[in-house]
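A.B. asks: Heads up: the sequence shown begins at -16 in our numbering, then just goes up one per residue.
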Amino acid sequence: MRYRRRKRHFLGWALLLAAVLTGIYLSVLQRYRPVAQDLAQTQVKNKSSDLINDAIAKQIERGNIHYDRIIYFEKDLNGKITALKTNMSEVNRLKTDILNIINDEILALDNQDIGVPLGSIIFPELLSGRGAQIPVRVMYISNSDAQFVSRFSEAGINQTLHQLIMDVKIDVTVLVLGRTQSFSVTSQVVVAETVIVGVVPETFINLNGLPIN
């Protein structure tokens, strides 16, 4: 009989302790989850921007991006540029290839890349960047898109710098402390450029729908 009473007494205290600990955990979770989500979003955005830059840099190093494959000039008999035209099939190929690489690399991010240190949440003034990593998981990419933008600027006497810029936008959903969060990652990278010698009148620029910045 005494054994049963002690057992019930022990179970009562154990349940009470479990309830108290659960309450504390939920309270802490409620208090620090928004901070963790903000830090996780910053981590993912920074890392994703780095991956976008790296993906394009690798494509350039491998010779997969060439200015003269994307843009070609039309000239008159005197050698004056009359139009700049875009090879849209090459633009679309690059867009597809680069986005596939970026999406795969972002989905492969792990906690070492984007985990949030516990110290950065609880005592950021003293323990920023320290402590156990709170897991952050990239669940999926719901949408990714890229747009090529053309930019012209002066590069010297009778010279114009023409840059092709890739604007990348990716919608990412991550899991932090048991709750999902969605946000957009944007990045702008120069993919190709050249210096045009001679006058390039704006009225003669024909980029087949490629936006001019």
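Glycine included, each C-beta is placed from N, C-alpha and C at the ideal position.
(1) Note the first and the last residue of the continuous beta strand (DSSP E) segment covering residue 141.
(2) Look at the alpha carbon of residue 159 and the alpha carbon of residue 148, and state the distance between them as a whole number of angstroms.
(3) Please check the pair residue 49 and residue 129, which I expect to be a contact at CB under 8 Å, by giving their CB distance rounded to whole angstroms.
(4) So which of 26, 60 and 76 has the shortest CA-CA distance to residue 99?
(5) Mind checking who residue 58 pairs with in its DSSP beta bridge?
(6) Would you call residue 140 buried or exposed, if buried means 16 or more other Cβ atoms sit within 10 Å of its Cβ?
(7) In the DSSP assignment, what residue or residues form a beta bridge with residue 147?
(8) Tell me which residues share the same chain as residue 167 and place their Cβ nearer than 8 Å to its Cβ, disregarding the 5 neighbours each side in the sequence.
(9) CA-CA distance, residue 170 and residue 157?
(10) Exposed or buried, residue 19, counting other C-beta atoms within 10 Å across all chains shown (16 or more means buried)?
(11) Is residue 89 helix, strand or coil by DSSP?
(12) State yes or no: is the C-beta of residue 172 within less than 8 Å of the C-beta of residue 36?
(13) In or out: residue 4 buried (at least 16 other Cβ within 10 Å) or exposed?
(14) Could you check the C-alpha separation between residue 68 and residue 47 for me, to the nearest Å?
(15) Exposed or buried, residue 142, counting other C-beta atoms within 10 Å across all chains shown (16 or more means buried)?
(16) What does a CB cutoff of less than 6 Å around residue 73 pick up in its chain, not counting 5 residues either side in sequence?
(17) So who's on the other strand from residue 152, going by DSSP bridges?
(18) Please classify residue 38 as buried or exposed, where buried requires at least 16 neighbouring CB atoms within 10 angstroms.
(19) Roughly how far, in whole angstroms, is the beta-carbon of residue 81 from the beta-carbon of residue 42, given that I think they are within contact range, below 8 Å?
(20) If you draw a straight line from the alpha carbon of residue 178 to that of residue 132, how long is it in whole angstroms?
(21) Looking at the strands, I want to know which residues DSSP matches up with residue 81.
C.D. replies: Based on what the coordinates show:
(1) For the purposes of this step, residue 141 is identified with residue 158 of the sequence shown, where counting begins at 1. Counting along the chain, residue 141 falls outside any beta strand (DSSP E), and DSSP gives it neither H nor E.
(2) Within the sequence shown, numbered from 1, the residue matching residue 159 stands at position 176. Within the sequence shown, numbered from 1, the residue matching residue 148 stands at position 165. Straight-line Cα distance between these residues: approximately 33 Å.
(3) Along the sequence shown, one-based indexing puts residue 49 at 66. Along the sequence shown, one-based indexing puts residue 129 at 146. No, residue 49 and residue 129 are not in contact; Cβ-Cβ is about 18 Å, not under 8 Å.
(4) The count along the sequence shown starts at 1 and reaches residue 99 at position 116. Ranking 26, 60 and 76 by Cα distance to residue 99 puts 26 first.
(5) Along the sequence shown, one-based indexing puts residue 58 at 75. In DSSP, residue 58 forms a bridge with 64.
(6) Within the sequence shown, residue 140 is the residue found at index 157, counting from 1. Looking at its Cβ environment, which holds fewer than 16 other Cβ atoms inside 10 Å, residue 140 is exposed.
(7) The residue you call residue 147 lines up with position 164 of the sequence shown. The partner list for residue 147 (beta bridge, DSSP) reads 133 and 175.
(8) Position 184 of the sequence shown, counted from the first residue, corresponds to residue 167. Counting only Cβ-Cβ distances below 8 Å, and skipping sequence neighbours, we find 152, 153, 154 and 155.
(9) Translated into positions along the sequence shown, residue 170 becomes position 187. Translated into positions along the sequence shown, residue 157 becomes position 174. Straight-line Cα distance between these residues: approximately 19 Å.
(10) Counting from one through the sequence shown, the residue named residue 19 turns up at place 36. With 16 or more other Cβ atoms within 10 Å, it is buried.
(11) Along the sequence shown, one-based indexing puts residue 89 at 106. It is helical.
(12) If you number the sequence shown from 1, residue 172 lands on position 189. If you number the sequence shown from 1, residue 36 lands on position 53. It is a contact, given that the beta carbons lie within the stated cut-off.
(13) Indexing the sequence shown from 1 puts residue 4 at position 21. In this predicted model, residue 4 has a pLDDT of only 42, less than 50, meaning its place in the structure is not dependable; the value taken from the coordinates is given anyway. Classification for residue 4: exposed.
(14) The residue labelled residue 68 in the question sits at position 85 within the sequence shown. The residue labelled residue 47 in the question sits at position 64 within the sequence shown. For residue 68 and residue 47, the distance between alpha carbons rounds to 19 Å.
(15) Translated into the one-based positions of the sequence shown, residue 142 becomes position 159. Residue 142 comes out exposed.
(16) As a first step, residue 73 must be located in the sequence shown, where it is residue number 90. Excluding positions up to five away in sequence, the list reads 52 and 53.
(17) By 1-based counting over the sequence shown, the position of residue 152 is 169. In the DSSP output, where bridge partners are listed per residue, residue 152 has 128 and 169.
(18) The sequence position of residue 38 within the sequence shown is 55, counting from 1. Burial call: buried.
(19) For this step, residue 81 is matched to residue 98 along the sequence shown. For this step, residue 42 is matched to residue 59 along the sequence shown. The Cβ separation is near 6 Å, so the contact holds.
(20) Counted from its first residue, the sequence shown places residue 178 at position 195. Counted from its first residue, the sequence shown places residue 132 at position 149. Each residue's Cα considered, the two are about 16 Å apart.
(21) By 1-based counting over the sequence shown, the position of residue 81 is 98. According to DSSP, which records beta bridges pairwise, residue 81 is partnered with nothing at all.
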